[in-house]
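Asks: Below you'll find the structure I mean.
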Amino acid sequence: MRNSLLEVKNLNTLYGRSHILHDLSFRLGKGQSMSLMGRNGMGKTTTLKSILGIVPPRSGHVHFDGEDISKLPTWKRMRRDIAYVPEGRGIFHNLTVKEHLQMAARPDSNGKTSWDFERVMDTFPRLQERLSNLGTELSGGEQQMLAIGRALVTNPRLMILDEATEGLAPLIRADIWKVIATIRESGISTLVVDKNIKALKKLCDYHVVIVKGKIHFDGSSKELDENLETVETALSV
Ligand SMILES: Nc1ncnc2c1ncn2[C@@H]1O[C@H](COP(=O)(O)OP(=O)(O)OP(=O)(O)O)[C@@H](O)[C@H]1O
Ligand SMILES: [Mg+2]
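Counting in the numbering used here, the sequence shown runs from 545 upward without gaps.
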């Protein structure tokens with residue numbers, strides 16, 4: 545479909561016999577930003593893993609920039625300029641900050657580099673001070689910044705972030721939200737899994753709330769406001 549960057553159609557994903565995602569469909573426009581919300585265990589991470597092919601869905605399709613990528617292995621999907629910042633960050637203990645960034649850096653699929661090492665350093669001054677530190681020597685916030693920086697140097701068109709603010713002190717969370725807004729303003733589409741409705745409403749154009757692997761709500765920030773009570777109920781424990 546035109547102007548659609550990511551389109552997810554009727555995804556059904558299972559772990560063994562547990563049916564987790566039920567006919568999940570949504571789309572994200574080019575240059576736009578969307579949130580994916582839901583209580584613990586509702587299938588947010590499974591949705592992201594299904595999009596990336598880390599957990600292949602039983603049925604359904606994933607289109608990226610008009611191409612059906614459903615049958616491609618994960619690495620080929622990511623080479624279409626999709627970056628993933630996973631839950632838990634995935635930082636290597638035995639590599640330095642600099643090595644993480646050097647290892648990941650590559651131009652986009654058109655050979656263009658917008659996010660080089662220097663731009664990432666400008667965005668994360670704290671990382672610059674810690675270039676020769678190992679993954680184990682970083683605070684949680686620094687690890688999260690490195691995970692985002694590592695995704696940025698792959699020059700993505702879509703950045704997928706899974707609970708990037710989880711487990712961080714309030715001030716560090718605020719820094720991460722600012723960085724996500726900067727990324728978004730730079731023209732990278734973002735798909736953000738988080739629990740902070742207020743921050744997501746400000747950042748994203750479009751919102752999806754899932755309950756037990758099914759769409760419970762989808763709509764604009766304005767529609768989210770109009771249905772705030774329903775959405776908050778779906779998100780409260
Ligand atoms: N590898 C797996 N094998 C079997 N079941 C799994 C596996 N991973 C997740 N699940 C189950 O699938 C369901 C959805 O999990 P998922 O991780 O997608 O939820 P989530 O919305 O990301 O939750 P959280 O907010 O806790 O990160 C849960 O019931 C979970 O226990
Ligand atoms: Mg999760």
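Each residue gets a CB set at the ideal place from its N, CA and C atoms; glycine is no exception.
Model, not experiment: these values are computed from the prediction.
Here's a check: name, in chain order, each residue in its chain whose Cβ is nearer than 6 angstroms to the Cβ of ARG701, leaving out the five neighbours to either side.
Replies: The residues are ASP625.
Asks: State the CB to CB distance for the pair LEU843 and LEU639, rounded to an integer number of angstroms; the pair is presumed to be in contact (CB under 8 angstroms).
Replies: Residue 843 is absent from the structure shown; the chain starts at 545 and stops at 781.
Asks: For HIS566, which residues in the same chain have their Cβ closer than 7 angstroms to its Cβ, ignoring the five residues on either side in sequence?
Replies: ASN556, GLY757 and LYS758
Asks: So, helix, strand or coil for ILE741, using DSSP?
Replies: helix
Asks: Could you work out which residue in LEU712, ASP706, HIS637 and THR698 is closest to SER676 when comparing CA atoms only?
Replies: Measuring C-alpha to C-alpha distances from SER676 to each of LEU712, ASP706, HIS637 and THR698 identifies HIS637 as the nearest.
Asks: Mapping the DSSP letters down to three states, classify THR777 as helix, strand or coil.
Replies: helix
Asks: Based on the DSSP output, what are the partners of THR640 in its beta bridges?
Replies: THR640 pairs with LEU678.
Asks: Is there contact here, the segment 711 to 729 with the segment 685 to 697, by at least three beta-carbon pairs under 8 angstroms?
Replies: yes
Asks: Relative to the C-alpha of GLN672, which residue among LEU690, GLY684, SER658 and LYS656 is closest?
Replies: LEU690
Asks: Starting from ASP567, follow the beta strand (DSSP E) in both directions and report where the run begins and ends.
Replies: 562 to 573
Asks: Give the DSSP-derived three-state secondary structure of PHE661 in the structure shown.
Replies: DSSP places PHE661 in helix when its eight states are reduced to three.
Asks: Name, in chain order, the residues that DSSP records as bridge partners for LYS543.
Replies: Examination of residue 543 is not possible in this model, given that the chain is present from 545 through 781 alone.
Asks: Given THR657, which residues of its chain have a CB within under 7 angstroms of its CB, disregarding the five upstream and five downstream residues?
Replies: PRO651 and ASN699
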